[in-house]
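**Q** Residue numbers (the working numbering): 209 to 511. In this text, a Cβ means the ideal position worked out from N, Cα and C, and glycines have one as well. Input: one structure, supplied below.
Okay, structure coming up:
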């Protein structure tokens, strides 16, 4: 088993969260709250009402859970590649693009059980626009922090409430991570000079950024549904009876275009985040495999 990939994936995920969290907050608010009409308007309104802190609401729990989920994604991906290679037998050459696609999908689905509770807490806190700095007559925030939010959801909605939106989350992350890893490995191959096995670090950064954008382009519609199901009933009466009702009601009220309303900010956030994620992952993986005296250039996932 490739243990190094679990460790490297964990650190890479934490770095990615730190880089992209402010834009993620704007994205979630645009997806779930009608008073925000665009990226700039949402960012200005958030800053004027809540300050810089408003962009980082609910970050402490996700940075922990996403470290775990990123560990599961990268570790599952690498080990699935190894299993598929062993299943074909020795001498059958490197992993195929289909192997990469299937391994990426397995990694995306495997992390749902770990990711869902932290993700719903993140979304609930990000969409909590009330400020603690308001006066006595101002509506106060419902949740005091990540732990209070987590316990409140369990108390009000039961333990299964932590997994609300798990179906669209799975439908988002399975195909998205399959596309993500396939795009990354393909671009790395294109950017590898003749006679070399691996690209240089600028190639890794470019491939990681584009892979992130490709994954989010595919995953944004399900991301919208996920966020709406997670927020449903948090403040007001429940609007949606389930997954399919959420889709049909959203289309009826706002049109199909709402599913791509946050695509721009997703891609804007995905490029720097996944550039950092893959560079961190490749550096740490090379360090852990080669030892402190020598760090190999990037691994492409074709062991």
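1. Between the region 478-485 and the region 409-428, are three or more C-beta pairs nearer than 8 angstroms?
2. For residue 302, report the span of its alpha helix (DSSP H) as first-last.
3. Excluding the 5 residues flanking residue 383 on each side, which residues of the same chain have their C-beta closer than 8 angstroms to its C-beta?
4. How far does the alpha helix (DSSP H) with residue 255 in it extend, from its first residue to its last?
5. For residue 445, is the classification buried or exposed, using 16 other Cβ atoms within 10 angstroms of its Cβ as the cut-off for buried?
6. According to the neighbour-count rule (16 or more other Cβ atoms, all chains shown, within 10 Å of its Cβ), is residue 502 buried or exposed?
7. Counting pairs of Cβ atoms below 8 angstroms between the region 273-289 and the region 216-229, do you hit three or more?
8. Work out the CA separation of residue 485 and residue 410 for me, nearest whole Å.
9. Does the region 225-232 touch the region 256-266, meaning 3 or more C-beta pairs lie closer than 8 angstroms?
10. With a threshold of 8 angstroms, are at least 3 pairs of Cβ atoms found where one atom belongs to the region 371-382 and the other to the region 283-303?
11. With a 10 Å radius around its C-beta and 16 neighbouring C-beta atoms as the bar for buried, classify residue 408 as buried or exposed.
12. Could you tell me the distance, in whole angstroms, from the CA atom of residue 255 to the CA atom of residue 308?
13. Using the three-state DSSP reduction, which class does residue 402 fall into: helix, strand or coil?
14. Could you check what DSSP says for residue 494 in three-state terms: helix, strand or coil?
15. Could you tell me the alpha carbon to alpha carbon distance between residue 356 and residue 247, rounded to whole angstroms?
16. Compare the beta carbon distance of residue 435 and residue 236 with 7 angstroms and say whether it is the shorter of the two.
17. Output the boundary residues of the alpha helix (DSSP H) element that contains residue 285.
18. Quick one: what does DSSP say residue 319 is sitting in, helix, strand or coil?
19. Excluding the 5 residues preceding and the 5 following residue 336 in the sequence, name in chain order all residues of the same chain whose CB lies nearer than 7 angstroms to its CB.
20. Secondary structure at residue 470, three-state DSSP: helix, strand or coil?
21. Just confirm the distance between the C-beta atoms of residue 457 and residue 448, as a whole number of angstroms; I'd bet it's less than 8 angstroms.
22. My parser needs the alpha helix (DSSP H) runs of 4 or more residues fully inside the region 389-463; what are they?
**A** Looking at the coordinates:
1. yes
2. Within the chain shown, the letter at position 94 stands for residue 302. Counting along the chain, residue 302 falls outside any alpha helix (DSSP H), and DSSP gives it neither H nor E.
3. Position 175 of the chain shown holds residue 383. Counting only Cβ-Cβ distances below 8 angstroms, and skipping sequence neighbours, we find 313, 316, 426, 427.
4. As a working mapping, residue 255 is identified with position 47 in the chain shown. Per DSSP, residue 255 belongs to the alpha helix (DSSP H) from 247-258.
5. By 1-based counting over the chain shown, the position of residue 445 is 237. It counts as exposed.
6. Here residue 502 is taken as the residue at index 294 of the chain shown, counted from 1. Confidence in residue 502 is poor, its pLDDT being 41 and thus under 50, which makes the residue's placement too unreliable to answer from.
7. yes
8. Translated into positions along the chain shown, residue 410 becomes position 202. Translated into positions along the chain shown, residue 485 becomes position 277. Rounded to the nearest angstrom, the two C-alpha atoms are 13 angstroms apart.
9. yes
10. no
11. Counting from one through the chain shown, the residue named residue 408 turns up at place 200. Under this definition residue 408 is an exposed residue.
12. Here residue 255 corresponds to residue number 47 of the chain shown, with the count starting at 1. Here residue 308 corresponds to residue number 100 of the chain shown, with the count starting at 1. Using only the alpha carbons, I get a separation of about 41 angstroms.
13. As a working mapping, residue 402 is identified with position 194 in the chain shown. In this structure, residue 402 counts as coil in the three-state DSSP scheme.
14. The residue labelled residue 494 in the question sits at position 286 within the chain shown. Helix.
15. In the chain shown, counting from the first residue as 1, residue 356 sits at position 148. In the chain shown, counting from the first residue as 1, residue 247 sits at position 39. So the two alpha carbons sit approximately 29 angstroms from each other.
16. For the purposes of this step, residue 435 is taken as residue 227 along the chain shown, with counting starting at 1. For the purposes of this step, residue 236 is taken as residue 28 along the chain shown, with counting starting at 1. Cβ atoms of residue 435 and residue 236: closer than 7 angstroms.
17. Start at 1 with the first residue of the chain shown, and residue 285 comes out as number 77. Taken as a continuous stretch (DSSP letters only), the alpha helix (DSSP H) holding residue 285 covers 268-296.
18. Within the chain shown, numbered from 1, the residue matching residue 319 stands at position 111. Coil at residue 319, not helix or strand.
19. Within the chain shown, numbered from 1, the residue matching residue 336 stands at position 128. Around residue 336: 265, 349, 350, 351.
20. Translated into positions along the chain shown, residue 470 becomes position 262. Note: residue 470 maps to coil in three-state DSSP.
21. Against the chain shown, residue 457 aligns to sequence position 249. Against the chain shown, residue 448 aligns to sequence position 240. Yes, they are in contact, since the Cβ atoms of residue 457 and residue 448 sit about 6 angstroms apart, within 8 angstroms.
22. 409-439, 451-462
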